[in-house]
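Only one structure is covered here, and it is reproduced in the block below.
Protein chains in written order, with our numbering: chain H, 1 to 346; chain B, 1001 to 1360; chain R, 2001 to 2278.
What follows is the structure, encoded as structure tokens:
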């Protein structure tokens, strides 16, 4: 018999074994996509050349392309993609809101503004200090949006929170745009960065960002158990013994670190934080730890795929990964909308 | 005329066959705002690279001053001022309509995809047409000059059609109005992505021009802009006012509105289309000026202390934009900021204050 | 899936002898494409009576009411008003016949009681003729009937829950419709306010209106309704006078609760005393 009030349909809790198998499959997908990332591009390289280059045996053009351009780029894509996926998963669990994409919630915009201000006011152009600014900006913006969302009348519905996030993002981006108007050189760098791209980032970017993202992932993982309880509501979570403020702080920091690092490395990239956790949740059910793992893997796959598509579609030029995720992310997000029961649960 | 208990004033013919309810306070406020707008308009015409005393402004208008002053007033400052009034009104009205319909003070065309769609169209033209004009909006009639507003309008229409079209198909259990909001947010992100991509295609100068347009500026707006926006407003404003009553019913909830006899789906389509058209025209004329559509309606609500004032929101929008434009010309000595920069810098904290003060 | 309905204008209910303006004909309702909440329901709502629809959570009461109020499109069959399909009638015309008080209505900010009640006159006003003496009178009458006349100038969101409910009721009363649909009008109200609302329903009935209400509390339904409709899983298990419908075996069937049925000493209607769940 149908219920009058529709209960959200939660997929049956998948067995541990099945989930583990899923992770293995996903890792295989990650590896496959990575290979694609190394092989394809403005110039398609046959597989054996790629493998030879990796093993250090080739010394020609292929070696340069693979080792110096595509390897760091692909690895960065995997890293940033997984950071975005995990950031989105934590944000959605933390706010109990299926629309909580750090991009939508103003976190990316905060990082963007911080980077612009740092470049313009303090002449900061190297990655390491930029990272700090980005994370700081992300933290400030994210906190502002979450506070506004939970303390005001408009932010209590999922759509309301998204609107708060969009409004705050618009504010931050317009301030950033205004600042940028004053200096042609900053504008020139900013506009390429703003679109979200993996191009032109070298190994140094990778090595700077990797530990930060790893740290964020650890924070997220630690917060995951508490988030399982938070999903049931603040009161229930407290009743279950969770130190709510501490859990929120931990999770919030994870989101900010992951997103800030991703944005600092590759610019603001849309939709991965929104769509990936939904797809992951359909496979894993609500358990946050597994959700994190799946989101990380799916995010990595998605971003590298977007990057590869961008490289192929407009040969010999490139479409940046951020444009591709914007274009394909929208139909995915819309399809998710169509499938959702109500605005509040998925 | 007879007073009713409460805030309304009834104006009717003796037979009673024709009668109109007017909210007393709203009418007062609207009249006051009209005066404020007029005063600001005069101020705006007086300000510029050099300050013109009021009597010169007036004689410039009448054509009795010397040629230079008359030219300045009639060809540059007056059209700019009028455009500010019209664009501000259009934005204020558009925001009032969407906010009333969605019952959410944050849902303005700014964030629902229309403005970013228009931006995408405009920037596409700007980048592909190349640097055919001199300066920002340009006084020279290059291809960009004509093409950009058309591109913006096309972008606005396309995005509005997309948002409304996609929202017309059912999506889970989501009510229709919320669908519009969500789809608008998603498409907004897509268009912004396209805009950002377009900015990377051309050279820095083109990007700079595009960036200024995106911020929104009234520089160099002439009589052709006045005609375009003026026509749109002349048609769409009365239409919106006619739909006031059903809009009031929707404010009580869509269920009640249907019960009271309102054809809600049709009303929703008409009002969103109106709002998007107004916003599209405004953006086509002056670029993506932000925050006016967002902030004018709540401010109007606060002073009239009534539900969803439409005319007052329009007037408030005009006042806000005029003020922003005057400030833009004088905040930085020697330089002229785009008006959109001022609305952003002032609008941002205003938005935050507004959000913080809304009841939890 | 649309089944053409019978075209008789009003049906005389052989049991009560009253005619029904509002009927359903093989009505099927559902929210999701694969499941129906209500299937092929035939129902007559007696004119001039107070009808209460009762049943356990999820039996379809509110879904049915929403369909009667034309807020939900039928998946099959139809709701008929005076013999015509509700969906085919102009919505304004229906608005003059049928009023609805939904559950938990949300009040917009900054509106006074009088302003709120005034909006109930929408179906009677047009763009050109926005107000008339009759409208004014209807509003004032509605305020008096619901005892909100001295609160008329207050902001609605400053009122208590019970007062706010009365304000919304005043809106529906001002709408001046012969048929009234109320969706759980007493839920979330305290005892005094519940009685307030129910006594008002009784007054409206005395004035000749037809009331159909979804009620959670079976004993309230017994006391204040002339006609009960008990739903389970989307179909009618029993309908009729409260003393006919509320028997221990029926309560078991509808609510899965073992009970004893006494007589309410105040109103001489059935009083259901639950013993244990089944």
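C-beta atoms are modelled at their ideal positions from N, C-alpha and C, and glycine is treated no differently.
Bear in mind the structure is a predicted one, so any value in this text is a computation, not a measurement.
C-beta neighbour in chain H for residue i, strict 8 Å
i                       : result
residue 1197 of chain B : yes
residue 1136 of chain B : With a pLDDT of 43 at residue 1136 of chain B, under the threshold of 50, the modelled position of this residue cannot be trusted, and the question is left open.
residue 1317 of chain B : no
residue 1363 of chain B : Because chain B is modelled from 1001 through 1360, residue 1363 of chain B falls outside the range shown and cannot be assessed.
residue 1113 of chain B : no
residue 1183 of chain B : yes
residue 1107 of chain B : yes
Which of helix, strand or coil DSSP assigns to residue i
i                       : result
residue 2124 of chain R : helix
residue 1219 of chain B : coil
residue 2270 of chain R : strand
residue 1056 of chain B : helix
residue 1978 of chain R : There is no way to answer for residue 1978 of chain R, as the model of chain R reaches only from 2001 to 2278.
residue 314 of chain H  : coil
residue 108 of chain H  : helix
residue 2233 of chain R : coil
residue 2263 of chain R : strand
residue 2044 of chain R : strand
residue 2205 of chain R : helix
residue 1137 of chain B : Here residue 1137 of chain B scores only 45 on pLDDT, less than 50, and its place in the model is too uncertain to base an answer on.
residue 1132 of chain B : Here residue 1132 of chain B scores only 46 on pLDDT, less than 50, and its place in the model should not be relied on; the value that follows carries that caveat. It is coil, neither helix nor strand.
residue 161 of chain H  : helix
residue 2227 of chain R : strand
residue 2249 of chain R : helix
Test: residue i CB closer than 8 Å to a CB of chain B
i                       : result
residue 178 of chain H  : yes
residue 2132 of chain R : yes
residue 2091 of chain R : yes
residue 2148 of chain R : no
residue 187 of chain H  : yes
residue 2070 of chain R : yes
residue 93 of chain H   : no
residue 2270 of chain R : no
residue 2102 of chain R : yes
Integer-rounded CB distance, given that residue j should sit under 8 Å from residue i
i                       : j                       : result
residue 93 of chain H   : residue 230 of chain H  : 7 Å
residue 250 of chain H  : residue 206 of chain H  : Their Cβ separation, rounded to whole angstroms, is 26 Å, which puts residue 250 of chain H and residue 206 of chain H out of contact at 8 Å.
residue 2270 of chain R : residue 1261 of chain B : Not a contact, Cβ separation roughly 38 Å.
residue 1184 of chain B : residue 1163 of chain B : 5 Å
residue 1045 of chain B : residue 1078 of chain B : 6 Å
residue 176 of chain H  : residue 116 of chain H  : 4 Å
Residue i vs residue j beta-carbon contact at 8 Å
i                       : j                       : result
residue 232 of chain H  : residue 247 of chain H  : no
residue 330 of chain H  : residue 1187 of chain B : yes
residue 1220 of chain B : residue 1289 of chain B : no
residue 1311 of chain B : residue 1241 of chain B : yes
residue 2066 of chain R : residue 1249 of chain B : no
residue 125 of chain H  : residue 134 of chain H  : no
residue 1294 of chain B : residue 167 of chain H  : yes
Contact set between residue i and chain A, taken where Cβ atoms lie within less than 9 Å
i                       : result
residue 1110 of chain B : The displayed structure is made up of protein chains H, B and R, and chain A is not among them.
Chain R within 8 Å of residue i, Cβ atoms only
i                       : result
residue 1259 of chain B : yes
residue 1094 of chain B : no
residue 1020 of chain B : yes
residue 1306 of chain B : yes
residue 1025 of chain B : no
Using 8 Å as the cut-off, can you tell me whether the region 2095–2115 of chain R makes contact with the region 2177–2186 of chain R, which would need three or more C-beta pairs spanning the two stretches below that distance? yes
Should the region 2199–2208 of chain R be regarded as contacting the region 2038–2047 of chain R, the criterion being three or more beta carbon pairs within less than 8 Å? no
So, do the region 2075–2090 of chain R and the region 1066–1080 of chain B have three or more beta carbon pairs nearer to each other than 8 Å? As far as the Cβ criterion goes, the region 2075–2090 of chain R does not touch the region 1066–1080 of chain B, which means the pair count is below three.
Using 8 Å as the Cβ pair cut-off and three pairs as the minimum, do the region 1268–1278 of chain B and the region 2124–2137 of chain R touch? no
With a cut-off of 8 Å, do at least 3 Cβ pairs link the region 263–282 of chain H to the region 291–304 of chain H? yes
Evaluate the contact criterion for the region 41–49 of chain H versus the region 63–76 of chain H: three or more CB pairs, one atom per stretch, below 8 Å. yes
Does the pairing of the region 1209–1226 of chain B with the region 1008–1020 of chain B give three or more beta-carbon distances under 8 Å? no
Please determine if the region 2085–2102 of chain R and the region 2144–2160 of chain R are in contact, where contact requires at least 3 C-beta pairs separated by less than 8 Å. At 8 Å Cβ cutoff, the stretches do not touch.
Touch test, the region 1086–1095 of chain B against the region 1316–1330 of chain B, Cβ-Cβ under 8 Å, three pairs minimum: yes
Do the region 1114–1128 of chain B and the region 1254–1270 of chain B make contact, defined as three or more Cβ pairs closer than 8 Å? no
Touching by the beta-carbon criterion (3+ pairs, under 8 Å), the region 2219–2229 of chain R and the region 2106–2117 of chain R: no
For the region 297–307 of chain H against the region 231–245 of chain H, do three or more pairs of beta-carbon atoms, one drawn from each stretch, fall closer than 8 Å, so that the two count as touching? Pairwise C-beta distances place the region 297–307 of chain H out of contact with the region 231–245 of chain H, as fewer than three of them are shorter than 8 Å.
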